[in-house]
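Counting from 0, one number per residue, gives the positions in the sequence shown under numbering that gives the first Met the number 0. Virtual Cβ for every residue (Gly too), placed ideally from N, Cα, C.
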Amino acid sequence: MTARTATLTPTRPRQRAALLTVLAVLMVAFVTLYSAMLLGEARSRADTETAAALPWIAALLPQRASDARELRALMGQLADIRHVSVTLHAPDGTRLAEAPTVHPQPPRWLPTPATPPATRQDVHAPDGALIGYFMVRPAPADEMAELWADYTRSLALMAALALLGLATLLLFNRMAGALDQAEAQRQALLRKLLDLDDQARRRLAHDLHDEVSPYLVALQPLTATLQQQCAQRPDTADLAAPLATLAAHLAQVLGTLRRILTGLHPPALQTLGLKGALTQLARVTPATLNVQADVQLRLEGPWQDLGPLLDVQVYRLVQECLTNALRHGGRRIMLHLRHAPHTLHLVITNDRAAPPLPAESAGLGTLGLHERCLALGGRCTVGPDGDGWRVHIDLPLEDQAHAH
């Protein structure tokens, strides 16, 4: 018989890898756009800085001086000027001094800013004689070199931040992977425990049914025979009361044994299959709990058994949710099970808002529902639904052949 078993689909590692790729692309795009913006503004910034520096430097230069030595001393004070270059010339045009003496050069591929014309400023002695003149020329290469230095520092900082961000993401991804692995191991352990628990229940049910139940059942006709013989013989009339008590106790033990066997492993699963067992469960549970309720069961999809372990777990999940709803006053209960190609959906709703069973209750409780669903690779949500209560369970399925 073909069945389905629950598995956990490893989608989260792929999602994390896709997220890392997207973030890396965004970081690279941000650094690239930031670099393009800085380079695009370089020429206009250089033009602005250079044009602003020319009149400022020209205003600092004197128009009168006592002699050329005073002008040379002034040139020494201009050694650190930026954006412009100043040269001192004798009246005949001979270059006497220059400031600054070193001009940083930006990369040649950077855009060349506009170069304003040079400005000449003559310097006269007190008697009006020309003792020299200054030539003030724009030096846009200075500003471009400064912009290039700022750009490289900003780019290095952005790259460092991007690398730090990627390293953090990779570390987070590694930690998340370790958590996923631990969660998968925990899920596998829980599933193994469920499997072992079901096997133990099956063995115990088998032993009680095959080894204990026949002897108890055989005692019933024997007890009845003894009661008949006592009724026929007056000399054994004093044994009638003990035999009646024995028969009542025997009936009580057999009833208890049947309930234990049903709790250990629902016999309807073996005789009716999961679909039939759920149908019977929806029909008899209200009467078993001695309540009046309308329980509707809806099975949707290409229904088939799910395998020994999953059949039992689905049966117990539905049984616990149905019992919980009835015990908390639900009188109209809908059990909807949809057998999709890769997922089993269970939705249990009732018309009475009721809190979930506590974890320490005799049943599964909310925590138990979540743990069982986790062990089967699924998920469970429990909460109010309008004026009622709703339990939604999704169990992943995978095609796999089994022999029941």
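Quick one: what's residue i bridged to in DSSP?
i, result
"histidine 405", "Nothing about residue 405 can be reported from this structure: the residues present for the chain run from 0 to 403 only."
"isoleucine 332", "Val294, Asn349"
"glycine 387", "Asp384"
"arginine 63", "His123"
Starting from residue i, follow the beta strand (DSSP E) in both directions and report where the run begins and ends.
i, result
"glycine 382", "378–384"
"valine 85", "83–88"
"isoleucine 130", "129–137"
"threonine 118", "118–123"
"alanine 98", "94–98"
Buried or exposed: which applies to residue i, given that a residue is buried once 16 or more other Cβ atoms fall within 10 Å of its Cβ?
i, result
"glutamate 319", "buried"
"asparagine 289", "exposed"
"histidine 264", "buried"
"glutamate 182", "exposed"
"leucine 192", "exposed"
"aspartate 141", "buried"
"methionine 143", "buried"
"arginine 315", "buried"
"tyrosine 406", "Because the chain here runs from 0 to 403, residue 406 falls outside it and cannot be looked at."
"leucine 363", "Only weak support is given to the placement of leucine 363: the predicted model assigns it a pLDDT of 49, under 50, and the value that follows is read from those uncertain coordinates. The residue in question, leucine 363, is buried, as its Cβ has 16 or more Cβ neighbours within 10 Å."
"phenylalanine 29", "exposed"
"arginine 371", "buried"
"tryptophan 55", "exposed"
"arginine 232", "exposed"
"glycine 329", "buried"
"proline 139", "buried"
"alanine 297", "According to the sequence displayed, residue 297 carries arginine and not alanine. Flag for arginine 297 reads exposed."
"threonine 284", "buried"
"phenylalanine 133", "buried"
"arginine 258", "exposed"
"arginine 173", "exposed"
"glycine 92", "exposed"
"alanine 72", "exposed"
"arginine 190", "buried"
"proline 90", "exposed"
"proline 307", "buried"
"alanine 96", "buried"
"valine 317", "buried"
"leucine 60", "buried"
"glycine 421", "Residue 421 cannot be examined here, being either before or after the span of the chain that is shown, 0 to 403."
"proline 355", "Confidence at proline 355 is low in this model, with a pLDDT of 47, below 50, so its placement is unreliable and the value that follows should be read with caution. Answer is buried; the Cβ neighbour count reaches 16."
"alanine 324", "buried"
"valine 85", "buried"
"alanine 98", "buried"
"leucine 77", "buried"
"leucine 170", "exposed"
"leucine 277", "buried"
"alanine 292", "buried"
Could you pull the start and end residues of the alpha helix (DSSP H) that residue i belongs to?
i, result
"glycine 75", "67–76"
"alanine 223", "212–231"
Hey, does residue i have any beta-carbon neighbour from chain D nearer than 8 Å?
i, result
"valine 216", "Any reference to chain D falls outside this structure, which holds one protein chain only."
Within its chain, find whatever has a CB closer than 6 Å to the CB of residue i; leave out the 5 residues flanking it on each side and keep chain order.
i, result
"histidine 391", "Val346, Thr380"
"aspartate 384", "Thr348"
"glutamine 407", "What the structure shows of the chain is the stretch from 0 to 403, and residue 407 is not part of that stretch, so it cannot be assessed."
"arginine 389", "Thr348"
"aspartate 304", "Ala2, Gly272, Leu273, Asp310"
"leucine 343", "Leu394, Leu396"
"leucine 368", "Cys379"
Less than 7 Å between C-beta atoms, sequence neighbours within five positions excluded: which residues of the same chain meet that for residue i?
i, result
"leucine 53", "Val83, Pro115, Thr118, Val135, Pro137"
"glycine 300", "Arg337, His338, Ala339"
"glutamine 312", "Leu193, Arg371, Leu375"
"glutamine 14", "none"
"leucine 70", "Ala64, Leu87, Val122, Gly131"
"leucine 242", "Thr222, Leu225, Gln226, Cys229"
"alanine 57", "Thr118, Gln120, Val135"
"leucine 373", "Gln186, Leu189"
Might you give, ordered along the chain, the residues of its own chain that have their beta carbon closer than 8 Å to the beta carbon of residue i, omitting 5 neighbours on each side?
i, result
"histidine 208", "Leu260"
"alanine 281", "Val294, Gln295, Leu296, Leu321, Leu334"
"methionine 26", "Ala161, Gly164, Leu165"
### Query
Where are the alpha helix (DSSP H) runs, 4 residues long or more, that stay fully inside the region 258–326, in chain order?
266–287, 307–326
### Residue ranges of each alpha helix (DSSP H) within the region 138–219, 4 or longer
139–206
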